[in-house]
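Same order as they appear, the protein sequences are chains A and B.
Quick note on numbering: the numbering used here labels position 222 of the first sequence as 222, and the sequence is numbered without any gaps.
Going from the second sequence to the numbering used here is simple: count from 1 and add 1000.
This report refers to the structure that appears directly beneath it.
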Amino acid sequence: MKKNHFYIGLLLAVVALAATRPFVVNPYGFVKGSPGIKSVSALSFNKDGILFIGDSKTASIFAVETKDAKNDKAVEIAVAGIDKKIADALGTQKENITITDMAVNPVSKKLYVAVQSSDGTAAIVKVDNNAIEPLSLKDVNFSSIALNDVVAEDAKDGRGRPLRVSTISDIGFENGKVLVSGLSNKEFSSTFRSIPFPFGDKQEQASLEMYHGAHGRYETTSPIRTFTTAKINGKDYLVASYTCTPLVLFPMDELKAGSHVKGRTVAEMGAGNTPIDMTTITKGGETFLIMGNTARAISEVNYKTIADFEGALTEPVKGTAGTAFVLVPAFTKVLQMDKLDKNKVVIMQKKENGDIDLLTSANEAL
Amino acid sequence: MKPCKENFLTGNRPYTILYGLLFFSLILLVACRDVSKNTGITISWTADKPTAIHIPVRLIPEKKDSAIFLLATRVEGSQTNILGNYHVSDVVVFEPLIPFTRGNTYHVYYRDSLIATFNIPLGDSSNVRVVNVYPQKDTLPINLLKIYLQFSSPMRESVSAQYIQLTRNGTDTLKDVFLDLQPELWNENRTVLTVWLDPGRIKRELQPNQKLGNPLQEGSWYELLISKQWKNASGVPLQADFKYRFTVGGRDSLSPKPSEWRILSPKANSKAPLLIVLNESLDHFLLNESIQVANKDGTIIKGQFYTEKNDSQCRFIPTAPWLAGEYQLLIDASLEDLAGNNLNRPFDRDMKKTKTPSTERVHRRTFRIEE
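Here you go:
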């Protein structure tokens, strides 16, 4: 009997101890402080509302807790002259700022916009129809990871080789991993990293090549400018737009550390035009890739078409035109895009007079 | 946004904060300049950027704790309050989210009444110039991939397309020659910008190449113009236009071959330079960091590298005198020529004609130092 009392007592003690602590203690390994972010080249969220910031100057990815309140109903965003409004709020003129990326927090449906000032400083603001608020990066919960510099690790002469990644061109989050594409200011090479989150020591870097030209005659490496991910025929793919060719597919499960993967060009968008932002949307039960272009209207490809076009992945592409796509004429000169929720996309568009507007479109209208 | 809440006008603050802020303001005052029109507003500078202003308490009409919430700073002509933080010590400190812009005039309001105006001065206007453009040769390959622009001071970002122009044979200004990249490819202190000629137009059989053709044409001469309208990060324009003229020769589709480099080795017991003749101009910045000298065991020899003859030759001077014996050059495979061909693979490999690329990360050449 005494023994039973002892066990009951022990159990109560454990319960009491557990009750004094939160159930989840810092699941992401965050610390509180100022992350010391020097530039913001790219933004992305995971589904829990953790903001990932690609900082080219420190060659790091930061994960920041936003503490945004949950909000299931997205308010359609429409702000004319967003560049001027942001410039005013930053005490400068629109000529002095560049909007480098934007992303919607899927938890709060708030739009985050990254801004680079021409004097070299960066800021992130939250934008809605009525106000522009700063994202404070002081005393926040965060973690970070430096991008491995494989080449520099080999340098043993202490000459302090500069980091090979000079600019992070895009980041994304998929299946518990932060995906990062980078550009070097020296080499014409392709770096693509996949980094498990919460951050640990591990990050994988794959070397990506593609076939291009008729009959897959030429193979080449080149930096990725923007990317998204998609499921095609039940398989996950990286859909990448390169600096030289618009649309290349890579199977995600082949992008492993040290692997050398050949993708294939599935579409070209014509001369003098490149996609500058991409996202995947669903409408009418089908998934579509939509792309904002430098010199064209938004173009849209049904992933089913890509799947039908596919053939074996290792087979060279026949012809350079590739997959058929549809243009959405209302949306020319789209600079940025992101899903506002599962039915709507928020779009940043440059108007004919040079102004930059924010607007929202239903998936069905795209 | 709300300013931080402190009772600055009643002096009812924790001493730690008070002393901290006094210390902070003392440090800042050292770097402050009174630039307002007799209002006493001073600007504090961090790394040559105007990162805060100090507003004397006497400018604030009401002496109450909530006064700080009624302050606003706006750029001249704007109705929007600038985002930032107001702190309090013996002055009110306003730190905008990004530094103030050089050349701008700002107004400080209290309850929408103007209480002060200040200007941010332009930076030092001396000697803002283009230091160099790479490559520096008179004749460049038709598939030239990149040009580096080196400036004397950090420049304004994201605006390069407005100030860089390429003309052909002295008449045509070329469109869509350079790749429009945002963010731009700057080095860390923003003094070197990498500009790419559109790779989609250089790669064979891509649509841009087929429809628009190669950006450069063999036999033509070109002039790269960097406009003096381009301002540096402090708002000061370049002193003068910069022009660089070159003619265009044939296509370079071959990887650099270290096995064909000529190595001229000095005698032992001297610090005479080792000369490496590369047979062609290579990428200036990659060349400076891609070659190392090691002894037979692989231990790196310390010394200084110099590139010369338009980056077609380099010179290595060891810190300690050479010893007789076998040495090796370690050459990073990522070293590229002017057309983006690296040691392992050409920029654009024709699978029908060229062999499978090497995957070696480091290429080696051995040489001897004789007695």
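Note that CB positions come from ideal geometry on N, CA and C, so glycine has one too.
Rounded to the nearest whole angstrom, the C-alpha separation of VAL334 of chain A and SER1125 of chain B is 38 angstroms. The shortest CA-to-CA distance from SER259 of chain A to any of A:PRO246, A:SER190, A:MET278, A:LYS109 is the one to A:SER190. Counting along the chain, no beta strand (DSSP E) covers ASN1209 of chain B; the unbroken alpha helix (DSSP H) around it starts and ends at 1207-1212.
Secondary structure note for PRO1050 of chain B: it is in no alpha helix (DSSP H), and the uninterrupted beta strand (DSSP E) holding it is 1049-1056.
Contact check for ALA1072 of chain B and ASN1081 of chain B: beta-carbon distance about 4 angstroms, within the 8 angstroms limit, so the pair qualifies. Around the beta-carbon of PRO329 of chain A, fewer than 16 other beta-carbon atoms lie within 10 Å, marking it exposed.
Looking at the DSSP output, THR1139 of chain B shares a beta bridge with B:THR1247. For the pair LYS73 of chain A and ASN141 of chain A, the CB atoms are not nearer than the 8 angstroms cut-off. For a cut-off of 8 angstroms, the C-beta gap from LEU358 of chain A to ILE77 of chain A is around 5 angstroms, short enough to register as a contact.
PRO251 of chain A: member of the beta strand (DSSP E) spanning 247-251, first to last residue. For PRO134 of chain A and GLY176 of chain A, the gap between their C-alpha atoms comes out near 28 angstroms. The Cβ atoms of THR360 of chain A and VAL346 of chain A sit closer than 8 angstroms to each other. Look at the beta carbons and you see the stretch 1132-1139 of chain B not touching the stretch 1108-1123 of chain B: under three pairs across the two are nearer than 8 angstroms.
Within the same chain, and ignoring the five residues on either side of LYS67 of chain A in sequence, no residue has its Cβ closer than 6 angstroms to its Cβ. The beta carbon of SER222 of chain A falls within 8 angstroms of a beta carbon belonging to chain B, placing the residue at that interface.
In the structure shown, ASP1065 of chain B adopts helical secondary structure according to DSSP, grouped into three states. Residue pairing from DSSP places THR332 of chain A in a beta bridge opposite A:ALA297.
Listed by position along chain A, the residues whose Cβ is nearer than 9 angstroms to that of ARG1168 of chain B form an empty set, because the closest Cβ is around 17 angstroms away. If you check each beta-carbon in the stretch 1149-1169 of chain B against every beta-carbon of chain A, the ones closer than 7 angstroms belong to PRO1154, ARG1156, GLU1157, SER1158, VAL1159. ILE1369 of chain B and PRO1273 of chain B have their C-alpha atoms spaced approximately 11 angstroms apart.
LEU1282 of chain B carries a strand assignment under DSSP once its states are collapsed to helix, strand and coil. Identification of chain B residues near ASP88 of chain A by a Cβ-Cβ cut-off of 7 angstroms yields VAL1075, SER1078, THR1080, ordered along the chain. Of all residues in the stretch 1226-1246 of chain B, the ones placed with a Cβ closer than 9 angstroms to any Cβ belonging to chain A are LYS1231, ALA1233, SER1234, GLY1235, in chain order. At a cut-off of 8 angstroms between beta-carbon atoms, ARG1251 of chain B makes no contact with chain A. Residue state for ASN46 of chain A is assigned as coil, using DSSP reduced to three classes.
Annotated three-state conformation of TYR1109 of chain B is strand, per DSSP.
Between GLU187 of chain A and GLU1336 of chain B, the CB-CB gap stays under 8 angstroms.
Distance check between ASN1209 of chain B and each of B:GLY1219, B:GLU1218, B:ASP1198 places B:ASP1198 closest, using alpha-carbon atoms only. Less than 8 angstroms separates the beta-carbon of ASP119 of chain A from that of PRO1099 of chain B. Looking at the backbone, the Cα of TYR1110 of chain B and that of THR287 of chain A are separated by about 53 angstroms. Listed by position along chain B, the residues whose Cβ is nearer than 9 angstroms to that of ASP119 of chain A are LYS1049, ILE1098, PRO1099, THR1101, ARG1102, PRO1154, ARG1156, GLU1157, ALA1233, SER1234, GLY1235. Using a C-beta cut-off of 8 angstroms, the stretch 177-184 of chain A makes contact with the stretch 193-201 of chain A, since at least three inter-stretch Cβ pairs fall below that distance. The way I'd put it, the stretch 1336-1353 of chain B does touch the stretch 1254-1266 of chain B; three or more beta-carbon pairs between them come closer than 8 angstroms. For TYR1163 of chain B, there is no enclosing beta strand (DSSP E); the enclosing alpha helix (DSSP H) has its first and last residue at 1160-1163. Looking at the backbone, the Cα of LEU1264 of chain B and that of GLU219 of chain A are separated by about 36 angstroms. Taking the CA atoms as reference points, LEU1282 of chain B sits about 44 angstroms from ASN302 of chain A.
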